[in-house]
Amino acid sequence: MLAASHPELTRSVILLAAGGKIQPAPPAAKALGIIFNPASTDADILAVFPFLVSNPADSERLWKLFKPSLDPGAAAIEKAAAESTPLDAWWAPPGETKYLIVQGAEDQIAPPENGEQLQKELGDRATLVNVPGAAHLLPLEQPDEAASRIVDFLRELDR
512 MLAASHPELT RSVILLAAGG KIQPAPPAAK ALGIIFNPAS TDADILAVFP
562 FLVSNPADSE RLWKLFKPSL DPGAAAIEKA AAESTPLDAW WAPPGETKYL
612 IVQGAEDQIA PPENGEQLQK ELGDRATLVN VPGAAHLLPL EQPDEAASRI
662 VDFLRELDR
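For the sequence shown, position 46 (counting from the first letter as 1) is numbered 557 according to our numbering, and the numbering increases by one without interruption.
In structure tokens, the structure reads:
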């Protein structure tokens, strides 16, 4: 939103698991509701965690990494912001801002078609990276890949 409303303050935007025009399928959206529900048990969450990861066998390990950063209020804040901000107010804003879009090729929460469409609309201002073997929790599933793509992008900005 900052890049759309104040492009003069924004040099670049890095998007991990970019959502937007293409919404998650209803079962994936329901999984998010369970994950962000403070009343959900670990068992409830692990039952739907495969919607966030590329390999369901990694669910327990990745849940242990993700759980400490889960804030019960974050989901409500994000939902309120999304519902009160029209897509056309922030999607592919004009300007010179450079974008890096890094997404898991198997993301069910933020379908990869979002990144592909955003890159198409932004043109040469956007770099798109589809990471095979990763889903919505790409930074936890493949931290080295995510970090190296971000560092490469930031170095390229300085050239």
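C-beta: ideal position from N, C-alpha, C; glycine also. From a predicted model like this one, the values you see are computed outputs, not experimental measurements.
Apart from the 5 residues on each side of it in sequence, N625 sits with its Cβ closer than 8 angstroms to the Cβ of A529, G530, G531, K532, I533, Q614 in its chain, given in chain order. The secondary-structure analysis by DSSP pairs K541 with nothing; it has no beta-bridge partner. When DSSP states are grouped into helix, strand and coil, N548 belongs to the coil group. Using a Cβ distance threshold of 7 angstroms, S570 and F560 count as a contacting pair. Straight-line measurement puts the Cα of F547 at about 11 angstroms from the Cα of D553. Counting only runs of 4+ residues, the alpha helix (DSSP H) found wholly inside the region 538 to 623 occupies 553 to 559, 570 to 577, 585 to 595, in chain order. Per the C-alpha coordinates, the member of A536, A539, G584, T608 positioned closest to S516 is T608.
Look at the beta carbons and you see the region 579 to 592 not touching the region 615 to 624: under three pairs across the two are nearer than 8 angstroms. In this chain, the alpha helix (DSSP H) harbouring A514 covers 513 to 516. For I533, the three-state secondary structure derived from DSSP is coil. In the three-state DSSP reduction, L648 falls in the coil class, being neither helix nor strand.
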